[in-house]
Amino acid sequence: MFFYSLKDAVNFAVLQGKFTSNKRLLLPILLALAIAYPPLRSVTITTLADAFFQVTVFVASTLYLYRHLVDKLPHLQLNALYTRSPILEVAFAAFLGALPGCGGAIVVVTQFTQRQASFGALVAVLTATMGDAAFLLLAQKPLEGLLILLLGISVGFLSGIAVNRFCNPLPASAITKPKMQISAKPISYVDQISIIYWQIIMLPCLIIALLMAFNIDFGLFTHAIELFGCTMAVLIAVAWSLSPITSTYNMESSSTKKPNMKEKQAARYLQIIEDTHFVSAWVIVSFMLYEILVNVGGLDVASWFSEFAMFTPLMAVLVGLLPGCGPQIVVTTLYIQGVIPFSALAGNAISNDGDALFPAIALAPKAALLATLYSTVPALIVAYTLYGWS
Numbered sequence: 063m064f065f066y067s068l069k070d071a072v073n074f075a076v077l078q079g080k081f082t083s084n085k086r087l088l089l090p091i092l093l094a095l096a097i098a099y100p101p102l103r104s105v106t107i108t109t110l111a112d113a114f115f116q117v118t119v120f121v122a123s124t125l126y127l128y129r130h131l132v133d134k135l136p137h138l139q140l141n142a143l144y145t146r147s148p149i150l151e152v153a154f155a156a157f158l159g160a161l162p163g164c165g166g167a168i169v170v171v172t173q174f175t176q177r178q179a180s181f182g183a184l185v186a187v188l189t190a191t192m193g194d195a196a197f198l199l200l201a202q203k204p205l206e207g208l209l210i211l212l213l214g215i216s217v218g219f220l221s222g223i224a225v226n227r228f229c230n231p232l233p234a235s236a237i238t239k240p241k242m243q244i245s246a247k248p249i250s251y252v253d254q255i256s257i258i259y260w261q262i263i264m265l266p267c268l269i270i271a272l273l274m275a276f277n278i279d280f281g282l283f284t285h286a287i288e289l290f291g292c293t294m295a296v297l298i299a300v301a302w303s304l305s306p307i308t309s310t311y312n313m314e315s316s317s318t319k320k321p322n323m324k325e326k327q328a329a330r331y332l333q334i335i336e337d338t339h340f341v342s343a344w345v346i347v348s349f350m351l352y353e354i355l356v357n358v359g360g361l362d363v364a365s366w367f368s369e370f371a372m373f374t375p376l377m378a379v380l381v382g383l384l385p386g387c388g389p390q391i392v393v394t395t396l397y398i399q400g401v402i403p404f405s406a407l408a409g410n411a412i413s414n415d416g417d418a419l420f421p422a423i424a425l426a427p428k429a430a431l432l433a434t435l436y437s438t439v440p441a442l443i444v445a446y447t448l449y450g451w452s
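Using our numbering, read the sequence shown as starting at 63 and increasing by one per residue.
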């Protein structure tokens with residue numbers, strides 16, 4: 063029965079093109095090779111366990127809480143706030159952008175494309191958001207994470223107000239109405255397994271992660287917990303590589319069809335899992351790359367950045383212009399490892415737009431380009447101001 067089920071699963075994956083066109087499979091394969099290679103085994107196991115307990119568990123828990131609270135709140139309409147006060151609208155957009163992850167930013171982006179939010183609100187939310195990299199920073203350095211969030215709200219608010227005040231609004235032809243519709247997404251075999259094992263491990267892993275955060279000694283269980291964390295990280299990499307590549311903003315972007323409660327619940331769980339696996343995959347890659355370069359390759363990254371310290375904030379800001387959260391997670395990892403200064407992290411956090419830039423490009427490309435360019439100016443100002451003070 064086991065071999066028959068495994069054969070069916072493999073056939074199903076092949077039919078979907080998983081093993082023929084999915085480059086993401088390289089990640090679990092490389093992780094397996096690193097574990098099998100004796101010189102890398104120890105550092106790989108430790109690094110993967112750290113990535114799972116220090117980041118992944120907190121990301122999953124925070125996303126679950128965030129999605130649950132969002133479902134309990136009424137649909138946010140920024141046009142109502144704009145009618146009451148344009149300043150209040152921009153302030154609320156900046157607050158939504160500062161929330162960890164890209165959910166709040168995506169809400170504002172889609173409402174802008176529906177002409178329910180001003181261009182200043184779009185600039186504010188894209189300036190304030192740090193994307194999924196905020197989860198990593200809050201999990202590893204909570205005080206710096208809160209400071210970055212407050213900085214993002216402040217700079218985003220001022221940028222949005224300035225844009226609404228001094229820049230002409232975009233013509234109506236530059237904004238398109240959303241055309242995406244919600245359709246019942248079939249739950250794949252990988253998604254089903256992911257939902258089950260996350261329901262089983264979430265609470266105990268959260269308890270272990272919290273104990274680790276308070277430096278509790280596990281004694282004889284330390285090695286077993288490390289192996290468990292490594293195993294979970296590898297399984298997450300496998301699940302991420304085999305899961306369907308889907309958009310995470312279809313639910314928010316729809317205005318033509320209302321999902322029923324069952325579809326909403328399934329979509330929420332799948333979105334939590336997909337976002338968690340995505341963040342985890344990039345965290346694993348960045349953690350492993352850094353550890354291999356430093357511990358195996360002997361690369362002194364800190365000295366290299368110190369030698370070109372003046373250009374570090376500029377490079378971080380330029381990386382922030384890249385769409386998506388993956389490159390930004392790498393920058394945040396470099397800060398956590400002590401490689402780049404806080405000024406570079408702040409510049410990257412302000413300039414990056416996270417995953418919210420993808421729906422913005424698809425639905426309003428001109429607005430997305432202008433908003434991204436506008437967010438670069440305060441990013442450079444803040445980055446080099448902090449650099450001059452340090």
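Built from N, CA and C at the ideal position, the CB exists for glycine as well.
Using DSSP with H/G/I as helix, E/B as strand and the rest coil, what is Gly360?
DSSP places Gly360 in the coil class of the three-state scheme, outside both helix and strand.
Does DSSP put Gly193 in a helix, in a strand, or in coil?
strand
As assigned by DSSP and simplified to three states, the class of Gly400:
coil
Are Pro196 and Ala156 close, meaning C-beta to C-beta below 8 Å?
Here residue 196 turns out to be Ala, not Pro, going by the sequence shown. Not a contact, by the Cβ cut-off of 8 Å.
Give every residue of the same chain whose Cβ lies closer than 7 Å to the Cβ of Val379, excluding the five residues on either side of it in the sequence, and list them in chain order.
Gly409, Asn410, Ser413, Thr438, Ala441, Leu442, Ala445
Is the Cβ-Cβ distance between Ile335 and Ser405 less than 8 Å?
no
Report, in whole angstroms, the separation of the C-beta atoms of Phe420 and Pro385, which I expect to be a contact under 8 Å.
6 Å
Mark Ile391 as exposed unless 16 or more other C-beta atoms lie within 10 angstroms of its C-beta, in which case mark it buried.
buried
C-beta contact flag for Leu87 and Ser303 at 8 Å:
yes
Nearest-angstrom Cα separation, counted from Leu208 out to Leu200:
Going by the C-alpha atoms only, they are around 7 Å apart.
Quick check on Tyr449: buried or exposed, where buried means 16 or more other Cβ atoms within 10 Å of its Cβ?
buried
Determine the extent of the alpha helix (DSSP H) in which Ala286 is found, giving its start and end residues.
284–304
Nearest-angstrom Cα distance between Ala167 and Leu158?
6 Å
Under the assumption that Asn226 contacts Ala179 (Cβ atoms under 8 Å), give the Cβ distance between them as a whole number of angstroms.
Not really, about 11 Å apart at Cβ, beyond 8 Å.
Give the DSSP-derived three-state secondary structure of Gly386 in the structure shown.
coil
Compute the Euclidean distance between the alpha carbons of Ser123 and Met264, then round it to the nearest angstrom.
8 Å
Cβ shell of Asn84 (< 6 Å), same chain only, five flanking positions each side left out
none
Considering only residues of the region 148–197, which uninterrupted alpha helix (DSSP H) runs meet the minimum length of 4 residues and lie entirely inside it, listed in chain order?
148–160, 165–175, 181–190
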